[in-house]
Amino acid sequence: MRFGALGTSSIAWRRALPTLASAPGIDLVAVAGRSPEKTGRFAARFGCEASAPEALLERDDLDAVYISLPTSLHHAWTAEALRAGKHVLVEKPIAVDAAEARDLVRLAEARDLVLRENFMFLHHPQHSAVADLLAKGRLGEPSALHSAFCIPPLPPDDIRYVAELGGGALLDVGVYPLRAACLLLGGGLRVAGATLRTRASDGLDLSGQALLVSPSGVLADIGFGFEHSYRSSYSLWGDRARLTVDRAFTPPPAYQPTLVLEEQDHVEHFTLPAADQLRRCFTDFAEAVRTGGAASAPEEIRRRDDAVACMELVDAIREQALRVPVADRP
1 MRFGALGTSS
11 IAWRRALPTL
21 ASAPGIDLVA
31 VAGRSPEKTG
41 RFAARFGCEA
51 SAPEALLERD
61 DLDAVYISLP
71 TSLHHAWTAE
81 ALRAGKHVLV
91 EKPIAVDAAE
101 ARDLVRLAEA
111 RDLVLRENFM
121 FLHHPQHSAV
131 ADLLAKGRLG
141 EPSALHSAFC
151 IPPLPPDDIR
161 YVAELGGGAL
171 LDVGVYPLRA
181 ACLLLGGGLR
191 VAGATLRTRA
201 SDGLDLSGQA
211 LLVSPSGVLA
221 DIGFGFEHSY
231 RSSYSLWGDR
241 ARLTVDRAFT
251 PPPAYQPTLV
261 LEEQDHVEHF
271 TLPAADQLRR
281 CFTDFAEAVR
291 TGGAASAPEE
301 IRRRDDAVAC
311 MELVDAIREQ
321 ALRVPVADRP
């Protein structure tokens, strides 16, 4: 499985490319970026060729492209890669809105190519364990989901503070609890209300909350932001018990998750094996490419539908949110 990497981002340097370069059955052939100097450093570290972005997509020795560009560029470059006949794994979110997401999905389907977002947490087995407990009736009838992904303030020059590059807390960390709600509650989620704390100088969203409702009446409240101590968790409540998952979105590879099931007079802990969710993400993507038939494969259809549904929720939050301006940090 021959990969090219488009983008010289921090996550590519720290996490994605070290994992990709060491994954079995995967060959990192080339990396491309705007800066020849920076691209050269990436190529030297990972033992691959340096390339210009356009030239990377023209190569005939690549099966797929991993894209880690600013969010505002995801649509344009993913579309170019798909038109070039390359399967695409693009960093989350897939685009800046649902219209862009639908356009990419149509393009991938027309060319029978695998198109996925790099939501690593979806590949961690702790969520399958949650689904198993839910299916066994341990929670009873689900009624509520509480989920949050919040991080401390970023360095002032971080691109996630630049609106023109697709910045803002909703697109960066807010999409995680939204995608978790889609995973746990299924399709058809609607936004019942939302708030956004926005930077007074330019309206960039720094944090927010949203209330969702599923077709069966399960309520989900999500929180996200750049203004908090770290939190990455969700709790699913039923009429018999509550199940909590800590480090839900970013567990390190050596971390052993513990699911906490709280009943009326009983608390049970389920300690699970450690798992490298990023490695599993890459290897699962590669296997989907090898299998073929992406346009009609049920798993790929579900993933594409979920990507669009998540962006539809993003659009609805933007449309409905009560915006609360806050002073810029010094």
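Here UniProt numbering is used: the first residue of the sequence shown is 1, the next is one more, and so on. The beta-carbon is built from N, C-alpha and C at its ideal position, and this holds for glycine as well. Everything numeric in this text was worked out from a predicted model, so none of it was measured.
- Spatial neighbours of T244 in its own chain (CB-CB distance under 6 Å, excluding positions within 5 residues in sequence) are listed in chain order as S235, V260.
- Annotated three-state conformation of V31 is strand, per DSSP.
- Residue range 36-46 is occupied by the alpha helix (DSSP H) that includes R41.
- Take H124, set aside five residues on each side of it, and the residues of its chain with a beta-carbon closer than 7 Å to its own are P251, A275, Q277, in chain order.
- Under DSSP, C281 shares a beta bridge with no residue.
- Close CB contacts of G208 within its chain, under the 8 Å cut and outside five residues either way in sequence, are with A169, L170, G174, A194, T195, L196, R197, G223, F224, G225, I317, A321 (chain order).
- Nearest Cα to A131 within the set L107, A181, D172, P155: A181.
- Buried is the label assigned to V90, since at least 16 other Cβ atoms lie within 10 Å of its Cβ.
- Assigned with DSSP and collapsed to three states, Y230 falls in coil, not helix or strand.
- When beta bridges are read from the DSSP output, A64 appears opposite F3, H87.
- Relative to P325, the option among V289, F249, L204, A55 whose CA is nearest is L204.
- For L145, the secondary structure class from DSSP, reduced to helix, strand or coil, is strand.
- With a minimum length of 3 residues, the unbroken runs of beta strand (DSSP E) contained wholly in the stretch 187-243 fall at 190-199, 205-213, 219-225, 231-238.
- Straight-line measurement puts the Cα of E164 at about 18 Å from the Cα of E319.
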